[in-house]
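Peer 1: My questions will all concern the structure given below.
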Ligand SMILES: *Cc1c(COP(=O)(O)O)cnc(C)c1O
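In the numbering used here, the protein residues as written are 3 to 385.
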């Protein structure tokens, strides 16, 4: 193992910013109105329209969107939320933050790392209040089936759609199927506001509650008071400050206009990756046979367990960043004790074999060729 920092040639992810973002954020700074203003409202309106949902509420992060979704649905102590263990830890952490317990279920298979419907159904008990689903890498979970099951059992559905903005299944956006859909605009996502997030919902009651909880539980905002719409406010329940500001909203509006073309480019790069790796027997591609619409957030391969480290090192040595999305949550120190009796063999297999390869709209076809060449060499040399 060497400790020197490699000279990176292909980044795992990268942001695409140009004059549009510079202009629009500078305009906010020049205006002097930095928060609780018209740009957040405009960003929410555009996001809601693009996703064909009635309500979009901009928040400070994907994590705060998840937190507010759980709170707005009234989930709390004694409740269980069914969710996958192959996910970013935010969903599980926020489940605990409201006092509820994450109930982890296994994935369909290592090459389809989304909640297995049969496992979800088997995990339902009298404590279950909600099902949280992740559209892993921008590929849809069995959302129609999960929403149907939840309806039968009177459970809420929270979609962690952080990987899947502007992605439609049967005309309905991912994030728009369940009770609340949560999006993140962290810099490594398909669109960014630096930090930021969005909660979408079709339910008027949930939208109102999320809006109130976003700002301390207050009933009217500075902007309304500024316009003379309200002179005072009430606090109807204890809330938070999970607001997005005007600078980030301006960034979001600019990024949103590029999202469809960026997702398109991600899909093209994914198709090229699939072609380049098709003949490599040792490499399986996560969602490699999926032919429907997807957001192309991640490109993930599975290699034999004993080769994973060597492939990662070969990439690193050749200036290619890789990652693991994600380690199994039940293995983290904070979750180990509570998950001692969890049996998630497919999730664990996934975490031992998965490698996330670079994918972002600034990548060239040559970048993909290069990454695939290094990966192919590494697996063939060592297998
Ligand atoms: C990024 C991400 C989050 C958290 O979003 P933040 O904006 O970083 O708080 C949650 N879930 C998934 C799947 C994510 O990728």
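Cβ coordinates follow ideal geometry from the N, Cα and C atoms, glycine included.
(1) Cβ of residue 198 versus every heavy atom of ligand 1: is any distance shorter than 8 Å?
(2) Considering only their Cβ atoms, is the gap separating residue 361 from residue 301 smaller than 9 Å?
(3) State the beta-bridge partners of residue 327 as determined by DSSP.
(4) Going by other Cβ atoms of all chains shown within 10 Å of its Cβ, with 16 needed for buried, is residue 28 buried or exposed?
(5) Going by DSSP in three states, residue 300 sits in which element: helix, strand or coil?
(6) Pull up the distance between the alpha-carbon of residue 3 and that of residue 311, whole angstroms please.
(7) Given the structure, does residue 164 come close to ligand 1, in the sense that its CB is under 8 Å from one of the ligand's heavy atoms?
(8) Which value, in whole angstroms, describes the spacing of the CA atoms of residue 110 and residue 195?
(9) Closer than 8 Å to a non-hydrogen atom of ligand 1 - does that hold for the CB of residue 187?
(10) How would you write the range of the alpha helix (DSSP H) that residue 134 sits in, first residue to last?
(11) From what residue to what residue does the alpha helix (DSSP H) around residue 86 run?
(12) For ligand 1, I want to know if residue 93 counts as a neighbour, meaning its beta carbon is within less than 8 Å of at least one of the ligand's heavy atoms.
(13) Can you determine whether any heavy atom of ligand 1 sits closer than 8 Å to the C-beta of residue 90, and answer yes or no?
(14) Does ligand 1 have a heavy atom nearer than 8 Å to the CB of residue 265?
(15) Should residue 386 be labelled buried (16 or more other beta-carbon atoms within 10 Å of its own) or exposed?
(16) Is any heavy atom in ligand 1 found nearer than 8 Å to the beta carbon of residue 68?
(17) I'd like to confirm something about residue 63: is its beta-carbon nearer than 8 Å to some heavy atom of ligand 1, or not?
(18) Using a Cβ-Cβ cutoff of less than 7 Å, which residues in the same chain neighbour residue 373 once the five nearest sequence positions on both sides are dropped?
(19) Determine the extent of the alpha helix (DSSP H) in which residue 200 is found, giving its start and end residues.
(20) So what does DSSP say about residue 3, is it helix, strand or coil?
(21) If you run the structure through DSSP and keep just helix, strand and coil, what is residue 76?
(22) State the CB to CB distance for the pair residue 61 and residue 216, rounded to an integer number of angstroms; the pair is presumed to be in contact (CB under 8 Å).
(23) Which residue wins for smallest C-alpha separation from residue 93, given the options 76, 115 and 70?
(24) Determine the closest residue to residue 108 out of 99, 120 and 383, with distance taken between C-alpha atoms.
(25) Would you please state the rounded distance, in angstroms, between the beta carbons of residue 286 and residue 113? I believe it to be under 8 Å.
Peer 2: Taking the coordinates as given:
(1) On the chain shown, residue 198 is found 196 positions in, with the first residue counted as 1. True, at least one ligand heavy atom lies under 8 Å from that Cβ.
(2) The count along the chain shown starts at 1 and reaches residue 301 at position 299. The count along the chain shown starts at 1 and reaches residue 361 at position 359. Contact flag set, yes.
(3) Along the chain shown, read from residue 1 onward, the residue named residue 327 stands at position 325. By DSSP's assignment, residue 327 forms no beta bridge with any residue.
(4) Stepping through the chain shown from its first residue, residue 28 is reached at position 26. Label assigned to residue 28: exposed.
(5) Sequence index remark: in the chain shown, residue 300 carries index 298 (1-based). When DSSP states are grouped into helix, strand and coil, residue 300 belongs to the coil group.
(6) As a working mapping, residue 3 is identified with position 1 in the chain shown. As a working mapping, residue 311 is identified with position 309 in the chain shown. With a pLDDT of 47 at residue 3, under the threshold of 50, the predicted position of this residue should be treated as unreliable, and no value is reported.
(7) As a working mapping, residue 164 is identified with position 162 in the chain shown. Checking every heavy atom of ligand 1 against the Cβ of residue 164, one is found closer than 8 Å.
(8) Here residue 110 refers to the residue found at position 108 of the chain shown. Here residue 195 refers to the residue found at position 193 of the chain shown. Taking the straight line joining both Cα atoms gives about 33 Å.
(9) By one-based count along the chain shown, residue 187 stands at place 185. Yes, since a heavy atom of ligand 1 falls inside the 8 Å radius drawn around the Cβ of residue 187.
(10) The residue given as residue 134 occupies position 132 in the chain shown. No alpha helix (DSSP H) holds residue 134; the beta strand (DSSP E) holding it covers 130 to 136.
(11) To locate residue 86, count along the chain shown from 1; it is residue 84. That residue, residue 86, is in no alpha helix (DSSP H); its beta strand (DSSP E) goes 82 to 86.
(12) Locating residue 93 in the chain shown gives position 91, counting from the first residue. Yes, the beta carbon of residue 93 sits closer than 8 Å to at least one heavy atom of ligand 1.
(13) Within the chain shown, residue 90 is the residue found at index 88, counting from 1. Yes.
(14) Counting from 1 along the chain shown, the entry for residue 265 is found at position 263. Not so, every heavy atom of ligand 1 lies at least 8 Å from the Cβ.
(15) Any question about residue 386 goes unanswered here, given that the chain covers just 3 to 385.
(16) Numbered from 1 along the chain shown, position 66 holds the residue referred to as residue 68. Within the cutoff, so yes.
(17) By 1-based counting over the chain shown, the position of residue 63 is 61. For ligand 1, at least one heavy atom lies less than 8 Å from the Cβ of residue 63.
(18) Stepping through the chain shown from its first residue, residue 373 is reached at position 371. Close CB contacts of residue 373 within its chain, under the 7 Å cut and outside five residues either way in sequence, are with 12, 322, 359 and 360 (chain order).
(19) Walking along the chain shown from the start, residue 200 turns up at place 198. Where residue 200 is concerned, there is no enclosing alpha helix (DSSP H), although the beta strand (DSSP E) it sits in stretches over 199 to 203.
(20) On the chain shown, residue 3 is found 1 positions in, with the first residue counted as 1. Low local confidence applies: a pLDDT of 47 at residue 3 is under 50, so the model's placement there is unreliable, with the coordinate-based value given in what follows. Residue 3 falls in the coil class under three-state DSSP.
(21) The count along the chain shown starts at 1 and reaches residue 76 at position 74. In the structure shown, residue 76 sits in coil (DSSP, three-state: anything other than H, G, I, E or B).
(22) What you label residue 61 is simply residue 59 of the chain shown in a count that begins at 1. What you label residue 216 is simply residue 214 of the chain shown in a count that begins at 1. The pair is a contact, with the Cβ atoms about 6 Å apart (cut-off 8 Å).
(23) Within the chain shown, residue 93 is the residue found at index 91, counting from 1. Selected option, being the one with the closest Cα: 70.
(24) Taking the chain shown and counting its residues from 1, the one referred to as residue 108 is at position 106. Of the listed residues, the one whose Cα sits closest to residue 108 is 120.
(25) Residue numbering aside, residue 286 sits at position 284 when the chain shown is read from its first letter. Residue numbering aside, residue 113 sits at position 111 when the chain shown is read from its first letter. About 5 Å; that satisfies the 8 Å criterion.
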